[in-house]
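A short worksheet on the structure shown next.
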Amino acid sequence: MKKIQMKLIIPIVLLLVCLVYACRKDMLNRPILQSLSPNIVANKTGVESLLIGTYSLLDGVGGNGGGIDAAGSNWLFGSVAAGDAYKGSEPSDGGNDALPVGNFTYSTSNVYIKSKYQLCFNGVSRANDVLRTLPLAKDIGADDVKRITGEARFLRGYYYMELKKMYNMIPYIDETQADANQPNDKDIWPNIEADLQAGIDNIPATQSQKGRANKWIAIAYMAKAKMFQHKFADAKALYDNLIPNGTKPSGDHFALNDNMQKNFSPQAGQKNSVESVFAAQASVNDNSGGNNGNTGDELNFPYNSGPGACCGWFNPSQSLGNSFKTDANGLPLFTSYNTGKKVSGKTDPYTGTVDPRIDITMGRPNVPYLDWGNPPASWIRDPTDGVFNPRKNVYSSAEKGTNSSTENYWAANEVTSNNVNLMRWSDVLLMAAEAEVEVGSTDKALQYVNLVRARAANPVWWVYLNSPYDPSKSEYTVKTTPADNYLVKPYPAGAFSDKTYARTAIHFERKLELAMEGQRFFDLQRWDQGTGSMADEINAFFAYDINTNSQLNGAHFTKGKNEYYAIPQSEIDLSGSTGASKLKQNPGY
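The sequence shown begins at 1 in full-length UniProt numbering and counts up one residue at a time.
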């Protein structure tokens, strides 16, 4: 895969990229032999290269449609569009394409909407190419045939799940279909489940390379697919197996890192940790010209002299900052977090207790930012961007030039070796808690949530004043004076006996734990179930945060429409190039 061991891939991959993968959705089922001779790819080396090319799009970069518009982190679609963050930068920078996505004023020709669609279908296309070519290769043993089949189908299921979350009604095209111009008139969750099940059945539990999927990762994604469909009993059964028994491809059991900061370290020794369920692999300074780094997030750095030195996008919102307030018992303020003084307000700021996860999520004035010192005002590019900087995707000053690129790339300092977290173990535990509340034990749900909160309360990873930062350990070395009035505690015994309260607590815990990780929009989507709760939360965010960010002027989430993004008009037009359009637009667009 692009970032597993790119140096091992033979030059044929360049040919594959040029001749096969630079394709639109209408080429999803194009036989590979139209482009390449079978003696080039119909062998073990060729098929493995095709598979690696399929993994390579997990970060949203490469192929057709890839780039910041389709980043695997879903920073725009999953976080900005859900109130985690503002678009950032100057009003005119991205004002015609990125900003309308976050404000729900975009047209059906929006470049971000189109790019994500094409990138994910390119991933599907690559998986289909693997499955078509595999039977033609005669030098691959039965065990490898089984494994490659499982990995390709798992990846196809992954890309289709991304498409389903984004656009809801989409066509399903597999490697057997001669005509890729298919209608989007069927729910494809059964197809996604079948692909994920093939991963479970065929991929071994151990793999030789860290970035590959294994059967337990496929189980984790099957459970997530069940949660999106509200099949809570099915999901619970999967979690009951996964949580005590699940292992990484290396054979290590999944677990939470004691040190939360390690989840966001670009250091090779800290990436792919026990908490990393699945991640898009990133590397720099490997003679790839920056192309193996995390380029999907290259705009999402403080402005001016800090890490990246550009571009001031993806500023955490004031509402998100306020969400980390805690009460006297170290518990969240579910509904009143925006009441009263603002966290890090420019005048008369909030001085109460906060969850320490705030300072791993965002850079704040007067709080150390790794080893860069306190963030200066100049890191905020425009007054509309508030006072916070993104933090989870950055590197320390000591790592500059090692874990940031020095290669010949337009934004070298913004390209890092920081993996893209696609699923962390805390995500698994909190989803399992949801399933337990619905069909299992509320005490077990409480146990899972408190595992996450207990890690948050571990002072080993907190931010401290007047202390050096050691990136090799992802820790401040002098743990004397916490950077703020931190207070977070587990929920008390019996707290989840009221299921309504338990649901609220779990939903809010996901907001805190997974903030700025591209998850929130899709969580709100699956919880909505036609109630309008998603519209209520996002519109409340607009109403509050417009007082900070004038770029939100005119923003509005429409119930029954904006729960899913628009099918790109160009794809609808393409589906009708030889007759009536086979793709139908989502309601409201």
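All residues carry an ideal CB built from backbone N, CA and C; glycine is no exception.
In its chain, beyond the 5 residues on either side, Q569 have a beta carbon closer than 6 Å to the beta carbon of S109. Inter-segment contact for the segment 144-151 and the segment 106-126 is absent: fewer than three beta-carbon pairs are separated by less than 8 Å. For F278, the enclosing beta strand (DSSP E) covers residues 276-280. Between the segment 244-258 and the segment 540-551, the count of C-beta pairs closer than 8 Å stays below three; the two stretches do not touch.
Less than 8 Å separates the beta-carbon of A454 from that of P490. Proximity to V394 across R424, T45, G306 peaks at G306, based on C-alpha coordinates. Out of I572, E537, G576, I567, the CA that lies nearest to the CA of T558 is found in E537. Under the 10 Å beta carbon count, F521 is surrounded by 16 or more other beta carbons and is classified as buried. Every beta strand (DSSP E) of 3 residues or more that sits fully in the segment 357-429 is shown, in chain order, as 420-424. Sequence-distant Cβ neighbours of L163 in its own chain, meaning closer than 6 Å and more than five residues away, are C120, I170. In the displayed model, W462 falls within coil according to three-state DSSP, outside both helix and strand.
In the DSSP assignment, H253 forms a beta bridge with T247. In the structure shown, the three-state DSSP call for D528 is helix. By the C-beta criterion, the segment 327-337 is judged not to be in contact with the segment 421-435, since fewer than 3 inter-stretch pairs fall below 8 Å. At a Cβ-Cβ threshold of 8 Å, N285 and E407 count as neighbours. In its chain, beyond the 5 residues on either side, P368, Y476, V478, K479, T480, T481, P482, A483 have a beta carbon closer than 8 Å to the beta carbon of Y464. Spanning the alpha carbons of N259 and G269 requires a straight line of approximately 14 Å. In terms of Cβ geometry, K511 and S323 form a close pair [threshold 8 Å].
The beta carbon of D528 sits closer than 7 Å to those of M534, E563, all from its chain and outside the five residues before and after it, given in chain order. According to the DSSP secondary-structure assignment, K325 is paired through a beta bridge with V354.
Apart from the 5 residues on each side of it in sequence, S404 sits with its Cβ closer than 6 Å to the Cβ of Y395, N413, T416 in its chain, given in chain order. If you ignore the 5 residues before and after S497, its C-beta comes within less than 7 Å of the C-beta of T442, all in its own chain and listed in chain order. When only Cα atoms are considered, G150 and G141 end up about 14 Å apart. Taking K341 as reference, the option from N103, N64, Y544 with the minimal CA-CA separation is Y544. Taking C-beta atoms under 8 Å as the contact rule, Q519 and G78 qualify, at a distance of about 6 Å. Look at the beta carbons and you see the segment 193-203 not touching the segment 263-279: under three pairs across the two are nearer than 8 Å. For A580, DSSP records no beta bridge to any residue. Counting only runs of at least 4 residues, the segment 435-501 fully encloses the following alpha helix (DSSP H) elements, listed from N- to C-terminal order: 442-456. Around the beta carbon of T351, fewer than 16 other beta carbons lie within 10 angstroms, which makes this residue exposed. Spatial neighbours of W75 in its own chain (CB-CB distance under 7 Å, excluding positions within 5 residues in sequence) are listed in chain order as D297, N300, F314, G518. Going by C-alpha positions, A213 is about 9 Å away from V277. Listed as beta-bridge partners of A85 by DSSP are P316. About 18 Å separates the Cβ atoms of K582 and N128, ruling out a contact at the 8 Å cut-off. Just so you know, the alpha carbons of W216 and T206 end up roughly 9 Å apart. Taken in chain order, the complete alpha helix (DSSP H) segments of 4 residues or longer contained in the segment 145-202 are 189-202. For L99, the enclosing alpha helix (DSSP H) stretches over residues 98-103.
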